[in-house]
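**Student:**
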Amino acid sequence: MHAVRLFLLIVGLSILGGGSADAQNYYAYVASESADEVALVRFDGTEATVEETLRVGRIPIETEGAHGMTVAPDGEHWFVSVAHGKPYGRVAKYETGTNEKVGTATVGMFPATMEISSVTGLLHVVNFNLHGEREPSTVSVVDPGTMTEIDQIETGIMPHGSRFAPDGRMHYSVGMMDGALYEIDAVAREVTRTLDLGDGTPKPTWVQPHPSKPLAYVALNGGDAVLEVHLEDWRVTRRFETGDGTAPYNLDVTPDGETLVVTYKGAGETGIWDLGAGERVARLDNSRTVTHGVVTTPDSRYAVVTAEGVGGEPGAVDVFDLQALERVASVDVGQQAGGVAFLKQDPVSASASSGTANDE
Numbered sequence: 064m065h066a067v068r069l070f071l072l073i074v075g076l077s078i079l080g081g082g083s084a085d086a087q088n089y090y091a092y093v094a095s096e097s098a099d100e101v102a103l104v105r106f107d108g109t110e111a112t113v114e115e116t117l118r119v120g121r122i123p124i125e126t127e128g129a130h131g132m133t134v135a136p137d138g139e140h141w142f143v144s145v146a147h148g149k150p151y152g153r154v155a156k157y158e159t160g161t162n163e164k165v166g167t168a169t170v171g172m173f174p175a176t177m178e179i180s181s182v183t184g185l186l187h188v189v190n191f192n193l194h195g196e197r198e199p200s201t202v203s204v205v206d207p208g209t210m211t212e213i214d215q216i217e218t219g220i221m222p223h224g225s226r227f228a229p230d231g232r233m234h235y236s237v238g239m240m241d242g243a244l245y246e247i248d249a250v251a252r253e254v255t256r257t258l259d260l261g262d263g264t265p266k267p268t269w270v271q272p273h274p275s276k277p278l279a280y281v282a283l284n285g286g287d288a289v290l291e292v293h294l295e296d297w298r299v300t301r302r303f304e305t306g307d308g309t310a311p312y313n314l315d316v317t318p319d320g321e322t323l324v325v326t327y328k329g330a331g332e333t334g335i336w337d338l339g340a341g342e343r344v345a346r347l348d349n350s351r352t353v354t355h356g357v358v359t360t361p362d363s364r365y366a367v368v369t370a371e372g373v374g375g376e377p378g379a380v381d382v383f384d385l386q387a388l389e390r391v392a393s394v395d396v397g398q399q400a401g402g403v404a405f406l407k408q409d410p411v412s413a414s415a416s417s418g419t420a421n422d423e
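Be aware that the sequence shown starts at 64, since it is given in my numbering, and climbs by one per residue.
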């Protein structure tokens with residue numbers, strides 16, 4: 064009897080201890096701007112691998128600039144912004160299961176970050192207008208069903224960081240060259256509020272709403288800081304100094320709302336911040352310089368970060384463990400890795416039995 068009990072105890076502890084039954088596969092799409100490629104990257108808790116690579120450019124002899132990424136809320140399609148065009152850029156739509164392109168929409172000049180509203184179902188992409196005149200640009204509103212641009216909403220100069228509040232109603236972006244935060248009502252399709260973030264030198268490059276509080280976080284690429292904005296009071300409530308030369312670029316808040324992850328483009332590093340304490344808990348090196356994009360996993364355990372590299376170096380995808388506070392995996396992708404979007408999280412056993420997921 065004692066032997067049977069001991070055996071059952073050992074089996075129970077092995078299951079609770081996290082063996083294969085607890086292991087997860089995490090899938091993310093990564094755009095490489097200088098390669099015109101999108102890679103599907105899988106992290107199995109130990110190793111990161113490229114499952115598939117898909118070319119998204121149309122002209123083999125030109126670099127068209129695959130830049131921003133997003134996945135539809137239902138997970139059935141993924142989208143990539145292709146920045147260069149004559150004269151405008153475009154957004155392309157692909158099926159997640161087959162990787163077949165199913166549509167293209169022409170938008171504004173140098174489309175960048177984008178996301179789909181859970182309220183209207185419409186995709187909003189900022190037209191960064193990198194090579195155009197220093198004048199107010201727009202957010203393109205695209206019907207992802209027909210891949211038709213139905214509106215352009217004027218915001219600031221070189222808009223970036225297109226993100227929705229958790230309710231999907233309010234859209235936020237920043238004007239990199241005018242230093243302002245813009246709020247758009249996704250139903251009315253108009254700018255409702257503008258917040259001046261400084262004297263024109265901060266160069267904000269990203270805004271990320273908190274998943275459960277009326278807060279948003281803004282990366283000041285030219286100010287070496289991150290601002291916390293209270294969305295109800297419409298004012299800055301905290302400022303996180305990231306350090307000289309860090310040039311924070313993109314950021315994400317974990318779904319549990321506890322951790323802020325910031326890419327330090329100028330330092331080739333990733334910063335991890337405890338939002339409750341308002342303190343940085345780690346400043347970690349990336350495997351390549353020029354850190355770019357970041358997305359956190361649904362379980363708030365990992366951050367998937369892209370790094371562009373320099374010269375002829377390949378880009379890289381680095382995975383950071385937000386509990387252990389260390390980089391735990393890296394894999395090379397195409398040159399100038401930038402935009403990243405999370406696809407799904409699956410138990411390893413389920414993934415192994417159903418086959419490999421498809422790349423963006």
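C-beta: ideal position from N, C-alpha, C; glycine also.
Label Val403 either buried or exposed according to how many other C-beta atoms from any shown protein chain fall within 10 Å of its C-beta, with 16 as the threshold for buried.
**Tutor:** Taking the first residue of the sequence shown as 1, we reach residue 403 at position 340. By the neighbour-count rule (16 or more Cβ atoms within 10 Å), Val403 is buried.
**Student:** From the DSSP output, in three-state form, read off Arg118 for me.
**Tutor:** Here the question's residue 118 lines up with position 55 in the sequence shown. Strand at Arg118.
**Student:** Is it buried or exposed for Lys266, if we count other Cβ within 10 angstroms and need 16 for buried?
**Tutor:** Translated into the one-based positions of the sequence shown, residue 266 becomes position 203. With 16 or more other Cβ atoms within 10 Å, it is buried.
**Student:** Quick one: residues in its chain with C-beta nearer than 6 Å to the C-beta of Ala310, no 5 flanking neighbours on either side, listed in chain order?
**Tutor:** Taking the sequence shown and counting its residues from 1, the one referred to as residue 310 is at position 247. Excluding sequence neighbours, Ala310 sits near Asn284, Lys328 and Gly329.
**Student:** Taking only the alpha-carbon atoms, compute the straight-line gap between Thr176 and His187 and give it to the nearest angstrom.
**Tutor:** Along the sequence shown, read from residue 1 onward, the residue named residue 176 stands at position 113. Along the sequence shown, read from residue 1 onward, the residue named residue 187 stands at position 124. So the alpha carbons of these two residues sit roughly 8 Å apart.
**Student:** So, helix, strand or coil for Val426, using DSSP?
**Tutor:** Nothing can be reported for residue 426: it is not among the residues displayed for the chain, which extend from 64 to 423.
**Student:** Under three-state DSSP, which class holds Ile368?
**Tutor:** One-based indexing of the sequence shown puts residue 368 at position 305. Before going on, a small fix: residue 368 reads as Val here, not Ile. DSSP places Val368 within a strand segment (E or B) once states are collapsed to three.
**Student:** Nearest by alpha-carbon distance to Asp137: which of Gly160, Gly120 and Thr126 is it?
**Tutor:** The count along the sequence shown starts at 1 and reaches residue 137 at position 74. That would be Gly160, whose Cα lies nearest to the Cα of Asp137.
**Student:** Name the residue from Arg298, Val292, Asn313 and Pro377 whose alpha carbon lies nearest to the alpha carbon of Ala366.
**Tutor:** One-based indexing of the sequence shown puts residue 366 at position 303. Ranking the options by Cα distance to Ala366, first place goes to Asn313.
**Student:** Who are the near neighbours of Gly242 in its chain, counting only those whose CB is closer than 6 Å to its CB and skipping five residues on each side?
**Tutor:** Numbered from its first residue, the sequence shown carries residue 242 at position 179. Leu260, Gly261, Gly263 and Pro265, listed in sequence order.
**Student:** For Val19, which option in Ala98, Asp107 and Asp85 has the closest C-alpha, if you only look at C-alpha atoms?
**Tutor:** In the structure displayed, the chain extends from 64 to 423; residue 19 sits before or after that span and is not available.
**Student:** Would you call the CB atoms of Val396 and Val380 closer than 7 Å?
**Tutor:** Counting from one through the sequence shown, the residue named residue 396 turns up at place 333. Counting from one through the sequence shown, the residue named residue 380 turns up at place 317. A contact, by the Cβ cut-off of 7 Å.
**Student:** Looking only at its chain, what residues have a beta carbon closer than 8 Å to the beta carbon of Leu385, apart from the 5 residues adjacent to it on each side?
**Tutor:** Stepping through the sequence shown from its first residue, residue 385 is reached at position 322. The residues are Thr317, Thr322, Val324, Ile335, Thr359, Ser363, Arg364, Tyr365 and Ala366.
**Student:** Answer with buried or exposed for Ile247, where buried requires no fewer than 16 other C-beta atoms within 10 angstroms of its C-beta.
**Tutor:** For this step, residue 247 is matched to residue 184 along the sequence shown. Counting Cβ neighbours within 10 Å, Ile247 comes out buried, since at least 16 surround it.
**Student:** Which residue's Cα is closest to the Cα of Pro377: Val93, Asp85 and Asn88?
**Tutor:** Position 314 of the sequence shown, counted from the first residue, corresponds to residue 377. Considering only alpha carbons, the answer is Val93.
**Student:** For Val170, name the three-state secondary structure that DSSP assigns.
**Tutor:** Position 107 of the sequence shown, counted from the first residue, corresponds to residue 170. DSSP places Val170 in coil when its eight states are reduced to three.
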